[in-house]
Amino acid sequence: MADAQGEIRPQYGEFAAWLSSMPDDRLARKRAEADTLFHRFGITFAVYGEDTGVERLIPFDIIPRIITAAEWSTMSAGLSQRVQALNAFVHDVYHDQAIIKAGRIPAEDVLNNAQYRPEMQGVEVAQNVYAHIAGVDVVRAGEGEFYVLEDNLRVPSGVSYMLEDRRMMMRLFPEVFSRNRVAPVDHYPNLLLDTLRSVAPMALDDPTVVVMTPGAYNSA
């Protein structure tokens, strides 16, 4: 919410004024209410490799990460370009391997990787897209500057947490949304459906899409 000098960023001005007007006990009650509702609805995430239990409630931060429309426009374009580049890289690895032949990446780093599948060599995939869903971890580095921490391309999880967090925020603090212009996120399932339909065989006019999931036994 604050910059390196401790000043409130402009996009947080309205929210900061609202937050400072809230009694501490109300925020504490709302946070407890969020935990109760998440527990009741079974909105948890899996923690693998721990002996003390594998399910925890998702953290709910009352202070949102506010990104301006201009910042999002730049970030969205950059992330789209990044995912296209990653798909192009995977396609090259399973076809011409030009990036390896050019010495840009050592062959052993690719061919000895545990995720490399030699049986995919030369296999064509629809629209040359290997990663249809990408979970890219992004952090703010400065004003208008963002860094990518990692790319999750195999089975990225977490999008349903975003949807549930938004629903929870709207339920607990509807006044925040009435006082600010907030971009919607509830159209994501339609975007996912369109993406999965786009890789169906061209002969199908109305393809059926099936998403296989262990449901409550895996992260969202």
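The numbers in the working numbering rise by one with no breaks, and the one at position 194 of the sequence shown is 194.
C-beta atoms are modelled at their ideal positions from N, C-alpha and C, and glycine is treated no differently.
Between the CA atoms of residue j and residue i - distance to the nearest angstrom
i	j	result
PRO207	ARG197	6 angstroms
ARG171	GLY78	32 angstroms
MET168	ALA203	42 angstroms
PHE60	ASP165	7 angstroms
LEU191	PRO118	31 angstroms
GLU108	GLN97	12 angstroms
GLU33	HIS187	26 angstroms
ARG293	SER80	Lying before the first or after the last residue shown, residue 293 is absent from the chain, which here runs from 1 to 220.
SER21	PHE173	13 angstroms
ALA28	ASN87	45 angstroms
HIS39	ASP151	29 angstroms
Own chain residues within Cβ distance below 6 angstroms of residue i, not counting five before or after
i	result
ALA141	TYR147
HIS132	THR195
Chain-order list of residues whose beta-carbon lies under 8 angstroms from that of residue i (same chain, five-residue window excluded)
i	result
TRP18	GLU175, VAL176 and ARG179
LEU149	ASP137, VAL138 and VAL139
Unbroken alpha helix (DSSP H) run spanning residue i, endpoints
i	result
ARG166	159 to 172
GLY215	Per DSSP, GLY215 belongs to no alpha helix (DSSP H) and is neither H nor E.
ASP151	That residue, ASP151, is in no alpha helix (DSSP H); its beta strand (DSSP E) goes 145 to 152.
ARG29	24 to 41
Element boundaries [beta strand (DSSP E), containing residue i]
i	result
ARG9	From DSSP, ARG9 is part of no beta strand (DSSP E); its letter is neither H nor E.
ALA141	135 to 142
Assigned secondary structure, residue i (DSSP; H/G/I helix, E/B strand, else coil)
i	result
VAL90	helix
VAL199	coil
THR68	coil
ALA114	coil
Best match in the options for proximity to residue i [C-alpha to C-alpha]
i	options	result
LEU193	VAL211, ASP151 and VAL182	VAL211
GLY215	PRO106, LEU163, LEU153 and THR44	THR44
ALA183	ALA70, ALA2, GLN121 and SER21	ALA70
Close beta carbons around residue i, own chain, < 7 angstroms, minus the five adjacent residues each side
i	result
ALA126	VAL199
ILE66	GLN11, TYR12 and PHE15
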